[in-house]
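A.B. asks: Take a look at the following structure, please.
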Amino acid sequence: MAKSKNISDFVIERDQNRCIKCHACVRVCANDVHFKDDATSEVASDDSKCVGCHFCEDLCPTGALVIRKNPSETRENAHWKKEYIYRIVRQAETGGIVLTGMGCDRPYKNYFDHILLNAAQVTNPSIDPLREPMELKTFIGRKIDAVNLDDLNWKTTSIDEIMSGLLELEVPIMFSAMSFGSISLNACKAIAEAAKLCGTYWNTGEGGLHQSLYPYADRAIVQIASGRFGVSSEYLSRAAAVEIKIGQGAKPGIGGHLPGEKVSQEISLTRMIPQGSDAISPAPHHDIYSIEDLRQLIFAIKETVDYKKPVGVKIAAVHNVAPIASGIVRAGADFITIDGVRGGTGAAPVVIRDNVGIPIEIAIAVVDQRLRDEGIRNQISIVAAGGFRTSSDIIKAITLGADAVYIGTSALIALGCHVCQKCYTGKCNWGIATQDPYLTRRLNPEIGTKRLCNLLRAWSLEMKEMLGGMGINAIESLRGNREQLRGIDLSEIELKILGIKHAGESW
Amino acid sequence: MVKPKRIIIKEEYCIGCRLCEIYCVTKHSCAKEIIKMYKEKKIASESGICFEEKGSISFAIQCRHCDDAPCLEACITGAMFRDKDTGRVLHNKEKCVGCWMCVMVCPVGVVKISQSEKRVASKCDLCIDREFPACVENCPNEAIYVVDYEGKKITKE
Numbered sequence: 010m011a012k013s014k015n016i017s018d019f020v021i022e023r024d025q026n027r028c029i030k031c032h033a034c035v036r037v038c039a040n041d042v043h044f045k046d047d048a049t050s051e052v053a054s055d056d057s058k059c060v061g062c063h064f065c066e067d068l069c070p071t072g073a074l075v076i077r078k079n080p081s082e083t084r085e086n087a088h089w090k091k092e093y094i095y096r097i098v099r100q101a102e103t104g105g106i107v108l109t110g111m112g113c114d115r116p117y118k119n120y121f122d123h124i125l126l127n128a129a130q131v132t133n134p135s136i137d138p139l140r141e142p143m144e145l146k147t148f149i150g151r152k153i154d155a156v157n158l159d160d161l162n163w164k165t166t167s168i169d170e171i172m173s174g175l176l177e178l179e180v181p182i183m184f185s186a187m188s189f190g191s192i193s194l195n196a197c198k199a200i201a202e203a204a205k206l207c208g209t210y211w212n213t214g215e216g217g218l219h220q221s222l223y224p225y226a227d228r229a230i231v232q233i234a235s236g237r238f239g240v241s242s243e244y245l246s247r248a249a250a251v252e253i254k255i256g257q258g259a260k261p262g263i264g265g266h267l268p269g270e271k272v273s274q275e276i277s278l279t280r281m282i283p284q285g286s287d288a289i290s291p292a293p294h295h296d297i298y299s300i301e302d303l304r305q306l307i308f309a310i311k312e313t314v315d316y317k318k319p320v321g322v323k324i325a326a327v328h329n330v331a332p333i334a335s336g337i338v339r340a341g342a343d344f345i346t347i348d349g350v351r352g353g354t355g356a357a358p359v360v361i362r363d364n365v366g367i368p369i370e371i372a373i374a375v376v377d378q379r380l381r382d383e384g385i386r387n388q389i390s391i392v393a394a395g396g397f398r399t400s401s402d403i404i405k406a407i408t409l410g411a412d413a414v415y416i417g418t419s420a421l422i423a424l425g426c427h428v429c430q431k432c433y434t435g436k437c438n439w440g441i442a443t444q445d446p447y448l449t450r451r452l453n454p455e456i457g458t459k460r461l462c463n464l465l466r467a468w469s470l471e472m473k474e475m476l477g478g479m480g481i482n483a484i485e486s487l488r489g490n491r492e493q494l495r496g497i498d499l500s501e502i503e504l505k506i507l508g509i510k511h512a513g514e515s516w
Numbered sequence: 093m094v095k096p097k098r099i100i101i102k103e104e105y106c107i108g109c110r111l112c113e114i115y116c117v118t119k120h121s122c123a124k125e126i127i128k129m130y131k132e133k134k135i136a137s138e139s140g141i142c143f144e145e146k147g148s149i150s151f152a153i154q155c156r157h158c159d160d161a162p163c164l165e166a167c168i169t170g171a172m173f174r175d176k177d178t179g180r181v182l183h184n185k186e187k188c189v190g191c192w193m194c195v196m197v198c199p200v201g202v203v204k205i206s207q208s209e210k211r212v213a214s215k216c217d218l219c220i221d222r223e224f225p226a227c228v229e230n231c232p233n234e235a236i237y238v239v240d241y242e243g244k245k246i247t248k249e
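Those protein sequences? They're chains A and B, same order as listed.
Mind the numbering: the first sequence is residues 10 to 516 in my numbering, read in order.
Mind the numbering: the second sequence is residues 93 to 249 in my numbering, read in order.
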């Protein structure tokens, strides 16, 4: 007999002494975990449906609910871990690919946790960012090789002209590509408005630009992915920049699939596809099979936008990332987005998410080094993405050579996400990864915008403190300044790839 | 006449949790702590909120404290009165005889028949003794908020 095992990940502890039977939990749970037990008139819960999103726990007015990890254990086995056993059970029952959401959750070595920052002592003074100006301003795009001052007629040429076609960021943090479809319109609105208020940029993802987001289009990086959803000349002309998406860190080499039931009228209008039809993004771009093909698309877009807007290419960090990046520069891109293995997604096969790609720390280091070796680093900006948790991760990424970073998961966490990894079910209790009108209303964009702005403010204050500590007063002076980093607990080859010295080595 | 502040509803952000009602009842009861109030049955009042729900749309509506409040005209004993200091429409239980004329004439249907006391009407007093009504303060999604008489949003900061 092969009987299905109880595979509830969580147990819900309800303190009946505290529960006042207000039924708030019953009303709000999208997974129908809580219910009114008619026999006892008490509120009860079905643990097996709980995804651990903590919405009920946060909402309960008396703190009667605690969601705990299910303590039920199989016999401890370092190889046959509980999650693998249960995954086999699920697949034996369903015969399908196991899906998941968010980024890779495997305990691979996190290089950010093995890199230490420098600080100024005696021989150079540190700077107090509260008393002295400190600059985080960043420009994204192709920078000219040299400005020949003699040839310039300063009466007719302004510095703005020389810098034209660059994205100007007040903080080197942008919101990464999350489409309307993968997340709710309210979440898009919160992100777009926060980007506009904070002087940074947000990315539409492959979902097109919804009409209500037109006011934020001047701060939008629009994406062209393999499905080409929502792409029109108007889409390109409204945006601040264009990004061609080749791959994403959570699922390199894999396409996307927005199921037809999620393609509502609004999504159908935005994506320009029939209502209720599946939105399928193929794995490759069917017109891009080489760097030359990519160059054709880049210049087709540049022609459309009159060479006034930066055009970038987004790739997943894979083994061959450095030569591919070099090819992308030569194809004429103005910025390259590299998405590491911990980059998030709305839905991906769990085996792909957890096993494909390389960490972003390493990808930044090798791409920056390769482009510098080839003397083409100034022709492109590197935007790193994939699992930035704190401002120190961002500072380290910039010191390794990134120009700016994209944050996706951190932004969603600021909006309420508890990283339960169930985005693909479309039942997000926090109103983020869902299109259900009953759930999307839970995300008030006004609150969301405030929270995202707070996050960016907090992180930029912290970044300024770290910069000041190093005696540096502009982020531009830290970019690629790997002498400010030291590795700890890293092997020689890891240090060589990251291009940093081990802790204890002086300049 | 002093114009009262008002509670504005943003129904598009109401998540239907009905926590506003719970906090309203708690605020107007003798036990100020939720668990004690519910467990020891010290519920002394009804919630002043009318919660409406259909499909995915829901909202919580309270007394509008109308400028030309029909309940004031309809009240036969003067139990319903306008507070001179705050401009709010308030209700004096001592005077109320339970004729339910206020319930009949209320254009938004927010005057309720009290279940806990006999022959008494019950309605929202905008939490007379605190700056922020309990429902507004505890709404998890800011689906209800307070504006002053000029329509300016009042925030805590």
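All C-beta atoms in this analysis are idealised placements derived from N, C-alpha and C, irrespective of residue type, glycine included.
Here the structure is a predicted model, which means the values were calculated and not measured.
Using the C-alpha atoms, what's the distance from Asp-240(B) back to Val-96(B)?
C.D. replies: The count along the second sequence starts at 1 and reaches residue 96(B) at position 4. The count along the second sequence starts at 1 and reaches residue 240(B) at position 148. Inspection of the sequence shows that residue 96(B) is occupied by Pro rather than by Val. Spanning the two alpha carbons is a distance of roughly 7 Å.
A.B. asks: To the nearest angstrom, report how far apart Thr-178(B) and Val-94(B) are at their CA atoms.
C.D. replies: In the second sequence, residue 178(B) corresponds to position 86, counting from 1. In the second sequence, residue 94(B) corresponds to position 2, counting from 1. The alpha-carbon atoms of Thr-178(B) and Val-94(B) are separated by roughly 6 Å.
A.B. asks: Would DSSP call Gly-355(A) helix, strand or coil?
C.D. replies: Taking the first sequence and counting its residues from 1, one reaches residue 355(A) at position 346. Three-state result, Gly-355(A): coil.
A.B. asks: Could you list which residues in chain A have their beta carbon closer than 7 Å to that of Pro-232(B), in chain order?
C.D. replies: For the purposes of this step, residue 232(B) is identified with residue 140 of the second sequence, where counting begins at 1. Chain A residues near Pro-232(B): Leu-68.
A.B. asks: On the criterion of 16 or more Cβ atoms from any shown chain inside 10 Å, does Thr-279(A) qualify as buried, or is it exposed?
C.D. replies: In the first sequence, counting from the first residue as 1, residue 279(A) sits at position 270. Around the beta carbon of Thr-279(A), 16 or more other beta carbons lie within 10 angstroms, which makes this residue buried.
A.B. asks: Am I right that Ile-182(A) and Ile-403(A) are in contact with their C-beta atoms under 8 Å? What's the rounded C-beta distance?
C.D. replies: Counting from one through the first sequence, the residue named residue 182(A) turns up at place 173. Counting from one through the first sequence, the residue named residue 403(A) turns up at place 394. With 8 Å as the limit, Ile-182(A) and Ile-403(A) qualify as a contact, their Cβ atoms being about 6 Å apart.
A.B. asks: In whole angstroms, what separates the C-alpha of Leu-68(A) from that of Arg-451(A)?
C.D. replies: By 1-based counting over the first sequence, the position of residue 68(A) is 59. By 1-based counting over the first sequence, the position of residue 451(A) is 442. So the two alpha carbons sit approximately 12 Å from each other.
A.B. asks: Can you pull the chain B residues whose beta carbon is under 8 Å from the beta carbon of Arg-460(A), in chain order?
C.D. replies: Translated into positions along the first sequence, residue 460(A) becomes position 451. Within chain B, no residue comes near Arg-460(A); the closest Cβ sits about 12 Å away, beyond 8 Å.
A.B. asks: How would you list, in chain order, the residues of chain B whose beta-carbon sits under 8 Å from the beta-carbon of Ala-33(A)?
C.D. replies: Position 24 of the first sequence, counted from the start, is the residue given in the question as residue 33(A). Under the 8 Å cutoff, chain B gives Cys-109, Arg-110, Leu-111 and Ile-114.
A.B. asks: Three or more beta-carbon pairs under 8 Å between the segment 414 to 431 of chain A and the segment 377 to 389 of chain A, yes or no?
C.D. replies: No, the segment 414 to 431 of chain A does not touch the segment 377 to 389 of chain A.
A.B. asks: Short of 7 Å in beta carbon distance, which residues of its chain neighbour Gly-366(A), apart from the five on each side in sequence? Order them along the chain.
C.D. replies: As a working note, residue 366(A) is residue 357 in the first sequence. These residues qualify, in order along the chain: Gly-258, Pro-261, Ala-325, Ala-326, Val-327, Gly-349 and Val-350.
A.B. asks: With a threshold of 9 Å between beta carbons, is Asn-79(A) in contact with chain B?
C.D. replies: Within the first sequence, the letter at position 70 stands for residue 79(A). No, because no Cβ of chain B sits closer than 9 Å to the Cβ of Asn-79(A).
A.B. asks: If I measure Cβ to Cβ from Glu-141(A) and keep anything under 7 Å in the same chain, skipping five residues before and after, which residues do I get?
C.D. replies: Taking the first sequence and counting its residues from 1, one reaches residue 141(A) at position 132. Taken in chain order, the residues that qualify are Asn-482.
A.B. asks: Give me the Cα-Cα distance between Asp-24(A) and Leu-74(A), rounded to the nearest whole angstrom.
C.D. replies: Taking the first residue of the first sequence as position 1, residue 24(A) is located at position 15. Taking the first residue of the first sequence as position 1, residue 74(A) is located at position 65. Looking at the two C-alpha atoms, the distance is approximately 7 Å.
A.B. asks: In terms of residue numbering, what span does the alpha helix (DSSP H) encompassing Ser-335(A) cover?
C.D. replies: Numbered from 1 along the first sequence, position 326 holds the residue referred to as residue 335(A). Run containing Ser-335(A): 330 to 339, per the alpha helix (DSSP H) assignment.
A.B. asks: Using a cut-off of 8 Å between C-beta atoms, extract the partners of Glu-455(A) located in chain B.
C.D. replies: Here residue 455(A) refers to the residue found at position 446 when the first sequence is read from its first residue. Per Cβ cutoff of 8 Å: Glu-234.
A.B. asks: Please list, in chain order, the chain B residues whose beta carbon lies closer than 8 Å to that of Arg-36(A).
C.D. replies: Taking the first sequence and counting its residues from 1, the one referred to as residue 36(A) is at position 27. Neighbours of Arg-36(A) in chain B, taken as residues at a C-beta separation under 8 Å, are given in chain order as Gly-108, Cys-109 and Arg-110.
A.B. asks: Using DSSP's beta-bridge definition, name the partner residues of Glu-145(B).
C.D. replies: Here the question's residue 145(B) lines up with position 53 in the second sequence. Glu-145(B) pairs with Ser-150(B).
A.B. asks: Since Asp-412(A) and Ile-385(A) are thought to touch, with beta carbons under 8 Å apart, how far apart are those beta carbons, to the nearest angstrom?
C.D. replies: For the purposes of this step, residue 412(A) is taken as the residue at position 403 of the first sequence. For the purposes of this step, residue 385(A) is taken as the residue at position 376 of the first sequence. At roughly 14 Å, the Cβ-Cβ gap does not stay under 8 Å, so Asp-412(A) and Ile-385(A) are not in contact.
A.B. asks: Using 9 Å as the limit for Cβ to Cβ distance, is Ile-127(B) near chain A?
C.D. replies: Indexing the second sequence from 1 puts residue 127(B) at position 35. With 9 Å as the cut-off, Ile-127(B) counts as an interface residue toward chain A.
A.B. asks: Quick one: does Asp-46(A) have its CB under 9 Å from some CB of chain B?
C.D. replies: For this step, residue 46(A) is matched to residue 37 along the first sequence. Asp-46(A) does not count as touching chain B.
A.B. asks: Using three-state DSSP, classify Ala-326(A) as helix, strand or coil.
C.D. replies: Looking up residue 326(A) in the first sequence gives position 317. It is coil, neither helix nor strand.
A.B. asks: Please state if the CB of Gly-140(B) and the CB of His-157(B) are separated by a distance shorter than 9 Å.
C.D. replies: Residue mapping note: residue 157(B) aligns to position 65 of the second sequence, counting from 1. Residue mapping note: residue 140(B) aligns to position 48 of the second sequence, counting from 1. No, Cβ-Cβ distance for His-157(B) and Gly-140(B) is not below 9 Å.
A.B. asks: In whole angstroms, give me the CA-to-CA distance for Trp-198(B) and Ala-213(B).
C.D. replies: On the second sequence, position 106 is the one that residue 198(B) refers to. On the second sequence, position 121 is the one that residue 213(B) refers to. First, the residue type needs correcting, since residue 198(B) is Cys and not Trp in the sequence shown. Cα to Cα, the separation comes out at about 12 Å.
A.B. asks: Compare the C-alpha of Cys-167(B) against each of Ile-153(B), Leu-182(B), Lys-176(B) and Gln-154(B) and name the closest.
C.D. replies: As a working mapping, residue 167(B) is identified with position 75 in the second sequence. Per the Cα distances, Leu-182(B).
A.B. asks: Checking contacts by CB at 9 Å: is Tyr-241(B) closer than that to chain A?
C.D. replies: Taking the second sequence and counting its residues from 1, one reaches residue 241(B) at position 149. Chain A, which has no Cβ nearer than 9 Å to the Cβ of Tyr-241(B), makes this no.
A.B. asks: Taking only three categories from DSSP, how would you classify Tyr-237(B)?
C.D. replies: Within the second sequence, the letter at position 145 stands for residue 237(B). Here Tyr-237(B) sits in strand by DSSP.
A.B. asks: Around the Cβ of Asp-47(A), are there at least 16 other Cβ atoms within 10 angstroms (buried) or fewer (exposed)?
C.D. replies: Here the question's residue 47(A) lines up with position 38 in the first sequence. Per the 10 Å Cβ criterion, exposed.
A.B. asks: For Val-156(A), count neighbouring Cβ atoms within 10 angstroms of its own Cβ and tell me buried if that reaches 16, exposed if not.
C.D. replies: The count along the first sequence starts at 1 and reaches residue 156(A) at position 147. Around the Cβ of Val-156(A), a 10 Å sphere holds fewer than 16 other Cβ atoms; the residue is exposed.
A.B. asks: Can you tell me whether Gly-258(A) sits near the ligand MG, meaning its C-beta is under 8 Å from at least one heavy atom of the ligand?
C.D. replies: Ligands are entirely absent from the displayed structure, and the ligand MG is therefore not among its contents.
A.B. asks: When you compare only the Cα positions, how much space is there between Leu-461(A) and Ile-441(A)?
C.D. replies: Looking up residue 461(A) in the first sequence gives position 452. Looking up residue 441(A) in the first sequence gives position 432. Spanning the two alpha carbons is a distance of roughly 14 Å.
A.B. asks: Use the C-beta contact count for Ala-171(B): other C-beta atoms within 10 angstroms, 16 or more gives buried, fewer gives exposed.
C.D. replies: As a working mapping, residue 171(B) is identified with position 79 in the second sequence. Buried, by the Cβ-count rule.
A.B. asks: For Ile-29(A), go through chain B and note every residue whose CB falls closer than 9 Å to its CB, in chain order.
C.D. replies: Locating residue 29(A) in the first sequence gives position 20, counting from the first residue. Residues of chain B passing the Cβ test: Ile-114, Ile-126, Ile-127, Met-129, Tyr-130 and Lys-131.
A.B. asks: DSSP has His-266(A) in a bridge; who is on the other side?
C.D. replies: The sequence position of residue 266(A) within the first sequence is 257, counting from 1. Answer by DSSP bridge pairing, in chain order: Ile-289(A).
A.B. asks: Kindly say whether Ser-256(B), judged by its beta-carbon, lies nearer than 9 Å to any beta-carbon of chain A.
C.D. replies: What the structure shows of chain B is the stretch from 93 to 249, and residue 256(B) is not part of that stretch, so it cannot be assessed.
A.B. asks: Whose C-beta lies closer than 6 Å to the C-beta of Ile-297(A) among residues of the same chain, with five residues either side of it excluded?
C.D. replies: Within the first sequence, numbered from 1, the residue matching residue 297(A) stands at position 288. Answer for Ile-297(A): Leu-303, listed in chain order.
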